[in-house]
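Engineer:
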Amino acid sequence: MAGGILKFFLPKDRVFYTLFENAGANLETISKKLVLVVNESDYNKRAHLIKEMEELEHKNDLVTHEIFVELGKNFITPFDREDIHSLASALDDIADYIYAAAKKINFYKIDPTSDSGIQKTADQIEMAVLAVNQAVRELRNLKNTQKIVECVIKINSIENTADEIFDMSIERLFDSDVDAKELIKKREIYQTMETVTDKCEDAGNVIESIVVKYA
Amino acid sequence: MAGGILKFFLPKDRVFYTLFENAGANLETISKKLVLVVNESDYNKRAHLIKEMEELEHKNDLVTHEIFVELGKNFITPFDREDIHSLASALDDIADYIYAAAKKINFYKIDPTSDSGIQKTADQIEMAVLAVNQAVRELRNLKNTQKIVECVIKINSIENTADEIFDMSIERLFDSDVDAKELIKKREIYQTMETVTDKCEDAGNVIESIVVKYA
Amino acid sequence: MAGGILKFFLPKDRVFYTLFENAGANLETISKKLVLVVNESDYNKRAHLIKEMEELEHKNDLVTHEIFVELGKNFITPFDREDIHSLASALDDIADYIYAAAKKINFYKIDPTSDSGIQKTADQIEMAVLAVNQAVRELRNLKNTQKIVECVIKINSIENTADEIFDMSIERLFDSDVDAKELIKKREIYQTMETVTDKCEDAGNVIESIVVKYA
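Residue numbers (the working numbering), protein chains in the order written: chain V, 5 to 219; chain P, 5 to 219; chain Z, 5 to 219.
1. With V/ASN145 as the anchor, note down where its alpha helix (DSSP H) starts and where it stops.
2. Just to confirm, is the Cβ distance from Z/ARG68 to Z/ALA105 under 9 Å?
3. Keeping to the same chain, check which residues put their C-beta closer than 6 Å to that of V/ASN148; ignore five residues upstream and five downstream.
4. Nearest by alpha-carbon distance to V/ASN43: which of V/GLU61, V/LEU75, V/ILE109 and V/THR22 is it?
5. Measuring only between beta-carbons, confirm whether Z/ILE152 sits less than 9 Å from chain V.
6. Out of P/SER213, P/GLY208 and P/VAL41, which has the shortest C-alpha to C-alpha gap to P/LYS124?
7. Alpha carbon to alpha carbon, how far is P/LYS55 from P/VAL182?
8. Tell me which residues share the same chain as V/TYR103 and place their Cβ nearer than 6 Å to its Cβ, disregarding the 5 neighbours each side in the sequence.
9. Decide if the segment 154 to 169 of chain Z is in contact with the segment 157 to 166 of chain P; the criterion is three or more beta carbon pairs, one per stretch, under 8 Å apart.
10. Let me check understanding here. Comparing Cα to Cα, which of V/GLY76, V/ARG85 and V/VAL215 lies closest to V/VAL153?
11. Just tell me which of P/ASN48, P/ASP96 and P/ASN145 has its CA closest to the CA of P/TYR21.
12. Grab the span of the alpha helix (DSSP H) containing V/GLU44 for me, first residue to last.
13. Determine the DSSP secondary structure at P/ILE80, reduced to helix, strand or coil.
14. Would you mind stating whether P/ASP17 and P/PRO116 have Cβ atoms separated by less than 9 Å?
15. DSSP state of P/TYR112, grouped into three classes?
16. Rounding to the nearest angstrom, what Cα-Cα distance links Z/LEU134 and P/LEU66 in this structure?
17. Using Cβ-Cβ distances below 9 Å, what residues of the segment 178 to 198 of chain V are close to chain Z?
18. Got a sec: is the Cβ-Cβ distance from P/VAL73 to anything in chain V below 9 Å?
19. From this set, V/PHE79, V/PHE178, V/VAL39 and V/CYS204, which residue's C-alpha is nearest V/PHE163's C-alpha?
20. How is V/LYS11 classed by DSSP in three states: helix, strand or coil?
21. Checking contacts by CB at 9 Å: is P/SER213 closer than that to chain Z?
22. Nearest CA to the CA of V/LYS217: which residue from V/ILE98, V/ARG85 and V/VAL200?
23. Between which residues of its own chain and P/ALA126 is the CB-CB distance below 6 Å, once the five residues before and five after are set aside?
24. Any beta-carbon of chain V closer than 9 Å to the one on P/PHE20?
25. Helix, strand or coil: how does DSSP classify P/SER90 here?
26. Quick one: Cα of Z/PHE111 to Cα of P/GLU175, how far?
27. Going by the CB atoms, is the gap between P/TYR194 and P/ILE122 shorter than 9 Å?
28. Mapping DSSP to helix, strand and coil, what is Z/SER180?
29. Using the three-state DSSP reduction, which class does V/ASP167 fall into: helix, strand or coil?
30. Contact defined as beta carbons within less than 8 Å: I believe V/GLN128 pairs with V/THR33. What is the distance between those atoms, to the nearest angstrom?
31. Interface residues of chain P around V/VAL210 at Cβ under 8 Å?
32. Between the alpha carbons of P/LEU177 and P/ILE114, how many angstroms are there, rounded?
33. What residues from chain Z crowd round V/PHE111, counting only those whose CB sits closer than 9 Å?
34. Distance check for Z/ALA184 and Z/ASP96, CA to CA, integer angstroms please.
35. If you measure beta-carbon to beta-carbon, which residues of the segment 43 to 64 of chain P are closer than 9 Å to chain Z?
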């Protein structure tokens, strides 16, 4: 039957779509936890959420690692090897920075519920991650390029908004009467959160370059 | 006629030279604006210059994007795909950090005319960008490799000087009696400016590696 | 004789192993100097050691440069070109950050012998570099993959320990009564040192990906 020989040629490379989708779904979960963290005034309840985020971040590490292993084993890949590598790295970075931001909040004993900059940026992060995840899911079927392009535009627009929130938060911080130590702590949290949307933009850029080449 | 078949083989890849030259020329303009900014004591006049720099930075984004699109469309490229990618990224980074440095000066309400470290670094940045631009223009005709090598050596030497100015500025800052907030602001501006010359060095390194392979 | 034609096919690429081993051995020397620096309470004696580290760092630059030149000249390489590039960059970064950490200690006039965080991290750096060097030396003979995997696991474990020391040091710093300037200086030294173990992990990851593909 045709199946026999077809199976031989059938791209084992389908595995990449599944792995990217796993990473994307995981990112969605971890970004929702971040929103919970920044709306939680109780240190211990936040600590519990951050513990869960650590496990999700570790799960993302494993998926990234699996993508790299598959990349090493497969000569045929659905798109350029370098694009697969860059996309996996970007998704991994998103998870790393989301977790790092949450961790720093408790590490520095900052109450996020009294900082609208932190809360607004967490909302933007969730939106950006949703758009990244949607774009990732469209990769399997590159026919709907319009949809992917919309996601990429959305991610870039969210990144701009996050930049503005960041600038506003930093400006407010320097104009406030917080002492230097507090300022250094908050600035680091803002920067870590802002980096998440940068990494979402990186992921969007890779996906866009894949669309340009293969669609 | 020969033209028919020649055209078929004629590298469409010439487009890359033109795009890199556009980016280089644009960088020269933006670096000259930075020198104007750091010599301007009036906040509003600086704001006007920074607005112009934002447009130039955006123009660079578009050129970079176009290079990536052409990279996706062209199977034949004048040099290694990874080198084209790295050079485009480095030139884009130069524009980003020059604009970021100028923006931070007004954002943090720093008077650059009273800070010789900022002014001296802006001069080094302009010199480094001129050397990068010159090296980029030599790429089209790889015969004059001596000229390119001289540019790369010059960029590296400028980067060293910028490092020394940076160290001196930081040392002076910590020894001064400015408060911590002022120190954090100035240090961030110094760092952003110093990163520009690092990115010029990155661009020089890519150009050097192209010369090694193709000349 | 067979030698004639064999020589033609015999990989000139052996040069890469030698260059990587040179870099690895050099890293070991520079990391040992860092341990000496952090255990030396005399500023001038530290200055002397740091001067030696500068020369070692420069030696590493030259090896890295030579690897890139060979990469440009050789079409056949013992492993993927991108892996060679990434590994050379990671080893170069390790040297850069080790030297930068030592330089900052004297630049900021910090007494490392009174800071257990700095001293403990230097020990971790030395251990991580030893593991990197061991993994690099195993590359020439990819048969002993078990050994390489053990090195990579060790590097990752050391990186985790360095992270914990970093967190503890930062926490202690913010809880102490040091003024903001002192805090900024020490935090920068901690971060630079912690980055060294990150770069060791990067090197380990590249080596692991080489093993996955070729062993």
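We treat Cβ as the ideally placed atom computed from N, Cα and C, and that holds for glycine.
Structural biologist: In short:
1. For V/ASN145, there is no enclosing alpha helix (DSSP H), as DSSP marks it with neither H nor E.
2. In the sequence as presented, Arg is not what sits at residue 68 of chain Z; that position holds Thr. No, they are not a contact pair.
3. Its chain contains GLU142 as the residues whose beta carbon lies nearer than 6 Å to that of V/ASN148, once the 5 sequence neighbours on both sides are disregarded; these appear in chain order.
4. The option with the nearest alpha carbon to V/ASN43 is V/ILE109.
5. No, because no Cβ of chain V sits closer than 9 Å to the Cβ of Z/ILE152.
6. The shortest C-alpha separation from P/LYS124 is found at P/VAL41.
7. Rounded to the nearest angstrom, the two C-alpha atoms are 29 Å apart.
8. Take V/TYR103, set aside five residues on each side of it, and the residues of its chain with a beta-carbon closer than 6 Å to its own are MET57 and GLU61, in chain order.
9. At 8 Å Cβ cutoff, the stretches do not touch.
10. Taking the Cα of V/VAL153 as reference, the smallest distance to any Cα among V/GLY76, V/ARG85 and V/VAL215 is reached at V/VAL215.
11. Of P/ASN48, P/ASP96 and P/ASN145, the residue nearest in Cα terms is P/ASN145.
12. If you look at V/GLU44, you'll find it isn't in any alpha helix (DSSP H); DSSP assigns it neither H nor E.
13. Annotated three-state conformation of P/ILE80 is coil, per DSSP.
14. No.
15. In this structure, P/TYR112 counts as coil in the three-state DSSP scheme.
16. Answer to the nearest angstrom: the Cα atoms are 45 Å apart.
17. Listed by position, the residues of the segment 178 to 198 of chain V near chain Z (Cβ gap below 9 Å) are ASP183, ALA184, LYS185, LEU187, ILE188 and LYS189.
18. Yes - at least one Cβ of chain V is within 9 Å of the one on P/VAL73.
19. Note on residue identity: the sequence assigns Glu, not Phe, to residue 163 of chain V. Checking every option, the nearest Cα to that of V/GLU163 belongs to V/CYS204.
20. Low confidence applies to V/LYS11: its pLDDT is 43, below 50, so where it sits in the model is not reliable enough to give any reading.
21. True, the Cβ-Cβ gap to chain Z drops below 9 Å.
22. Nearest to V/LYS217 by alpha-carbon distance, out of V/ILE98, V/ARG85 and V/VAL200, is V/ARG85.
23. Closer than 6 Å at Cβ, skipping near neighbours: LEU38, VAL39 and VAL42.
24. For P/PHE20, no Cβ of chain V is located within less than 9 Å of the residue's own Cβ.
25. In the three-state DSSP reduction, P/SER90 falls in the helix class (H, G or I).
26. Approximately 8 Å between the Cα atoms of the pair.
27. Yes, the Cβ-Cβ distance between P/ILE122 and P/TYR194 is below 9 Å.
28. In the structure shown, Z/SER180 falls within a coil segment according to DSSP collapsed to helix, strand and coil.
29. Assignment of V/ASP167 by DSSP, reduced to helix, strand and coil, places it in the helix class.
30. Taking C-beta atoms under 8 Å as the contact rule, V/GLN128 and V/THR33 fail to qualify, at a distance of about 17 Å.
31. Correct list: empty, because the minimum Cβ distance to chain P is about 10 Å.
32. Straight-line Cα distance between these residues: approximately 14 Å.
33. In chain order: ASP171, ILE174 and GLU175.
34. Using only the alpha carbons, I get a separation of about 32 Å.
35. Within the segment 43 to 64 of chain P, no residue has a Cβ that lies closer than 9 Å to any Cβ of chain Z.
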